[in-house]
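In C-alpha cells form, the structure reads like this:
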C-alpha cells in the first residue's frame, strides 16, 4: 500500500483514484475544488487549534463571531468578506467566502457583480484571482 | 496680499482665517475635514479630466458607473467600496465612501461594524486608518 | 475512461500522458509552463466573458486597449506591465507580460535587468516570484 | 477667541503657540512628533472604545494582550511589531512600536539594524517610511 | 524669537513667511511642493547615512546604481521606477521619480499615459495617489 | 523513458515514485515539503546567479549578509525574517525562514507565538498562509 501527500493536498487523492481507475477499469470521479479546499482547511484548522498559541485561538474565535448577524445582516458581512478577500488577492479566503455566499443565498449575478466592483478597486492585478474565483463558484453549483 | 498653499491644502484656509480672526477679532469658523477633502478631490479630478489621458478618463468613467444599481443595490456597493478601501488602507478612498455611506443611509452602528469586520480581515495595521475614519465619520454628522 | 482535473490545470495532462507513456511505452513530451498558463488563461477568460458582468467586461476591454501604442510605444508599456506585476507579486500577471515582452522583442538581458530593478523596489519578498519568472522566461525561449 | 483644528492635529497647537509667541514675545516651545502622535492616538482610541462595535473592542483587547510576555519575551515581540509595521509601510504603527522599543530598552544601533533588515525585505519602497522612522526615533531621544 | 517645526516640514517655512508677510507687508512667495519634498528628503537621507547601519547604506548605494544605464537605458528605468511606485502607492517615491522623469526628458503626455496604465494595473485605489502625482508634476513644470 | 516536470516541482518525484511503488510493489517514501522547497529554491537560485544581472546578484549578496550577527543576534534577525514574510504573505519566504528558525534553535511554542503576533498584525487574510506554515514547520520536525 502506498500514499501520496503533497504540499497543498490537491492532487493526492486525484492521482490515487485516477491510477486505480486506469489500472482496474473502475469509473473515475474527480474530487471537486470545493472538497479539496474544505479538506485541507479542515485538517489544518484542527492542527492549529491543537497548538498552544492563545493569540491564534482568539483570532480564530473572533473570526467566527464576526460574521454573525449584528448591526449588519449575515449577507452583508459575507459580501464584505468576499470582496475584501479578492482585493487582497487571497485565493483561499475568496474560496471560503464564495462557499459562504452560496450558503446565504447570493445569486451568480450578484457574486459576479460584487467581484467586478472588487476588480475595479484592486485593478487588473486581481484578474488571475478572478479566474480562479469564477472556476470555484462554478464548482460550487455542481 | 499673501497666500499660503501647502501640499495637501489642509491648512491653507485655516491659517489665513485663524490669523485674520486673531488679528481682527473676527469669529473663526474652521473648515471641516469633509470640506477639505471634497475641495481637493474636486479640484484635482477636474485637473485630471482636462488631461489627454484616455485610459484615466475611461477608468474614471467606469468608476462612476460601477457603483450604480445593478444586480446589487447601491447600499451593498458602497459597503464593498468602504471596506475594500479600509483593508487596502487608502484614507482618501475611505473618506469618499464614508461620505457616500452617509448619503445612502447607513447608520453609525452599521458603519462601525463594517469597519470592524474590515479591521479583522486586514489586521491591526488597519487601526491608524480606522482612527482617521472614525474622526471623518463624526465630522460628516455635523 | 477517466479524467484528472486539478485546481490549476497544471498536472492534469502531464499525469495522463506520463501514465500512458509509462504503461504503453510511448515517448513522453511534457506540456510547457507556457502552454499550461495559456490554456487555463484562455479557458477562464472565455468563461468570464460569457458571464453577465458588465463591469468585468469593460475592465477586460480597457485592459486590451491600454497596452496599444499611444504616447508611449508598445515596448515601454510591456515594461511597465512586467515590472508592476512583479512588485505586486502576481505570478500569472508576470507570466502574461513575459510572454508579451518576448513577442515585442525584449532580450534576456533587458528582461533580467528590468526584473532586477523591480526586485530592488519590491524587496527580497519578490525573490520567490523572480525564481518562477526566470523559469518561465527560460521556457519561453524553447 | 478662536481655535484651529486640522485633520491630523499636527499643527493646531503649534500655530496657536507660534502666533502667540510672535505677537506677545513669549518664548516658543514646539510640540514634539512624539507628543503629537500620542495625543491624537489617545484621543481617537478613546473615541473608538466609546463606540458600540464589539469586534473592534475585541481586536483592541487582543492587541494589548498579544505583546505581553509569553513564549517570547517582550523585546522580541516589539521587534516583530516594529519590523512588520515597517514592511507594511504603516507610519503610525512604526511610531507606536518605536516608542515601545525605547521603553523596553532597545539601543539606537539595534533599532537601526532591525529597520535595515525590514527595508531589505520590503524594498526601496520602504525608504520614505524609514526617513520618518529615523526622525521619530531621534525625537524620542530628546 | 520662535521656530515652528512639524512632522513633515511642510508648513514650517510657509507659516513663518506668511505671518511675516502679513505683519510686515512683505510679498509672500510660497515654497513649492518640489522644494518641500527635496528639502526633507535631503535632510533625512543625510541623517540616515550618518548612522551606523551597514545594511541601509548598501541598499542606498545599490538604489543609486540601479537606475544608471545598463541593458536598459535611463528613461526605461525611470518609467519602471515611476509606475512601480504608483502601483505600490508610495507618494514620496512617485514624487522622486516624477522629478527624475522630468530630468530625463519625458513629456507630460507620456507621464500621464504611464500613470494611466499603472492606475489600471493597481485599480481605483491608486486614484488618490494619482491626484497628488498630477499636482506634483504640474509643480515641476513651474 | 519518461519524465514529469511541473511548474513548482512539487509533484514530479512524488508521482514517479508513487507509480513505480504501485506497479512494482516497492514501498513508497514521499519527498517532504522541505526537500521539495529546498530543491526548487536551490536549482533556481543557481540559474539566477548564472545570469548577467548585476542588480539581482547584489541583492542576493546583501540578503545573505543581512541575517548575520550584527547589532542584533542571529535569532532576532530570523524572527524578523519569519514574521515579516508572514505579514507580507509570501509562502516561500515563510518556509525559508521556518527552516532557519529551526536551525538557530527556536522552539515550536516560540514559532507559533511569533506567527500568532504576525497574524494579528496582518489580519485574518494571513490565516491560509498560517495553515501552510504550520504544516511546513511540522514537516521540519520529522
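Chains as they are written, first to last, in our numbering: chain A, 16 to 157; chain B, 16 to 157; chain C, 16 to 157; chain D, 16 to 157; chain E, 16 to 157; chain F, 16 to 157.
The beta-carbon is built from N, C-alpha and C at its ideal position, and this holds for glycine as well.
Nearest residue (CA-CA) to residue i, options the options
i             : options                : result
residue 49/B  : 139/B, 107/B and 142/B : 107/B
residue 71/E  : 115/D, 139/D and 91/D  : 139/D
residue 131/E : 73/C, 87/C and 66/C    : 87/C
residue 118/A : 143/A, 144/A and 89/A  : 89/A
Buried or exposed by the 16-neighbour rule on C-beta atoms within 10 Å, applied to residue i
i             : result
residue 57/A  : exposed
residue 51/A  : buried
residue 158/E : Since the displayed chain E opens at 16 and closes at 157, residue 158/E lies outside it and no answer follows.
residue 64/D  : exposed
residue 41/E  : Because residue 41/E carries a pLDDT of 48, less than 50, the predicted location of this residue cannot be relied on, and the following value inherits that uncertainty. That one is exposed.
residue 61/B  : exposed
residue 150/E : buried
residue 16/C  : Any reading at residue 16/C needs caution, since the residue's pLDDT is 24, under 50, leaving its predicted position unreliable; the model's value is listed next. Exposed: under 16 other Cβ atoms inside 10 Å.
Residue i versus residue j - alpha carbon distance
i             : j             : result
residue 110/A : residue 54/E  : 48 angstroms
residue 153/E : residue 104/E : 19 angstroms
residue 125/B : residue 155/C : 51 angstroms
residue 59/D  : residue 114/E : 37 angstroms
residue 94/E  : residue 116/E : 7 angstroms
residue 146/F : residue 47/A  : 20 angstroms
residue 159/B : residue 129/A : Outside the shown range of chain B, which is 16 to 157, sits residue 159/B, and nothing can be said about it.
residue 81/B  : residue 157/E : 37 angstroms
residue 83/D  : residue 73/A  : 15 angstroms
residue 91/A  : residue 91/B  : 7 angstroms
residue 143/E : residue 148/B : 16 angstroms
residue 66/A  : residue 120/C : 53 angstroms
residue 99/F  : residue 99/B  : 23 angstroms
For residue j and residue i, believed in contact at Cβ under 8 angstroms, the rounded distance
i            : j             : result
residue 97/F : residue 141/F : Actually they do not touch by this definition, with Cβ atoms about 12 angstroms apart.
residue 68/B : residue 112/E : That pair is no contact at about 17 angstroms.
is_contact[residue i, chain G] using C-beta, thresh 8 angstroms
i            : result
residue 66/F : Structure shown: chain G not included; protein chains present are A, B, C, D, E and F.
May I ask you to verify whether the stretch 130 to 138 of chain E touches the stretch 74 to 92 of chain C, counting CB pairs closer than 8 angstroms and requiring at least 3?
yes
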